[in-house]
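> Below you will find the structure I want to go over with you.
In the UniProt record's numbering, the protein residues as written are 1 to 162.
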């Protein structure tokens, strides 16, 4: 079984200007419309723009991951601070396979990247070794080698930006 922890962000239709979530958007709807047949459970941890996530929020998320019975964890997260959350979780040395994903285009928009990134992350989660990863833009990044390129609006490995 895959445990999915949602934390908000664009993937769930969070409107950064209005600071609200489009409640018509749900990870469950994305997965059910894709006819996903693996067992999964979704738990809302908090719903925040990732720029508003605090150290205490990251601690709470890490505790949820640590105490989950699942060995494969997916975290939906806003893209602005995904790197920091991935590092924080990795620092906890949790022996599970953990993948963070999100989207650049709100999940409520017709051309959103949310379903693709979510599906890609779930697929990758099934084959990766225990560690912490970011799955975005059709790529998998180890937590220690990922950065968001604000010019291209894509995630890339740190050595690509140097």
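Think of the CB as a built atom: it goes at the ideal place given N, C-alpha and C, for glycine as much as any other residue.
(1) May I ask you to verify whether the stretch 59 to 68 touches the stretch 102 to 114, counting CB pairs closer than 8 Å and requiring at least 3?
(2) Would DSSP call residue 72 helix, strand or coil?
(3) Rounded to whole angstroms, what's the CA-CA distance from residue 12 to residue 151? Just pull it up for me.
(4) Beta-carbon within less than 7 Å of residue 44's beta-carbon, same chain only, minus the 5 sequence neighbours each way: which residues are those?
(5) According to DSSP, residue 156 sits in a beta bridge with which residue or residues?
(6) Grab the span of the alpha helix (DSSP H) containing residue 89 for me, first residue to last.
(7) DSSP three-state label for residue 117, please.
(8) For the candidate residues 78, 84, 145 and 122, whose alpha-carbon lies nearest to that of residue 176?
(9) Please report how far the alpha carbon of residue 39 lies from the alpha carbon of residue 120, in whole angstroms.
(10) Going by Cα to Cα distance, which pick from 143, 117 and 56 is closest to residue 34?
(11) Can you tell me whether residue 7 is helix, strand or coil according to DSSP?
This is what the structure holds:
(1) no
(2) As a first step, residue 72 must be located in the chain shown, where it is residue number 72. In the structure shown, residue 72 sits in a strand (DSSP, three-state: E or B).
(3) Here residue 12 is taken as the residue at index 12 of the chain shown, counted from 1. Here residue 151 is taken as the residue at index 151 of the chain shown, counted from 1. Distance between the alpha carbons of residue 12 and residue 151: 23 Å.
(4) Residue numbering aside, residue 44 sits at position 44 when the chain shown is read from its first letter. Correct list, in chain order: 6.
(5) Start at 1 with the first residue of the chain shown, and residue 156 comes out as number 156. Beta-bridge partners of residue 156 (DSSP): 147.
(6) Working through the chain shown from its first residue, we reach residue 89 at position 89. Note, residue 89: alpha helix (DSSP H), 82 to 91.
(7) For the purposes of this step, residue 117 is identified with residue 117 of the chain shown, where counting begins at 1. The answer is helix: DSSP assigns residue 117 an H, G or I state.
(8) There is no way to answer for residue 176, as the model of the chain reaches only from 1 to 162.
(9) Here residue 39 refers to the residue found at position 39 of the chain shown. Here residue 120 refers to the residue found at position 120 of the chain shown. Each residue's alpha carbon lies about 16 Å from the other.
(10) Start at 1 with the first residue of the chain shown, and residue 34 comes out as number 34. Checking every option, the nearest Cα to that of residue 34 belongs to 117.
(11) Within the chain shown, numbered from 1, the residue matching residue 7 stands at position 7. DSSP places residue 7 in coil when its eight states are reduced to three.
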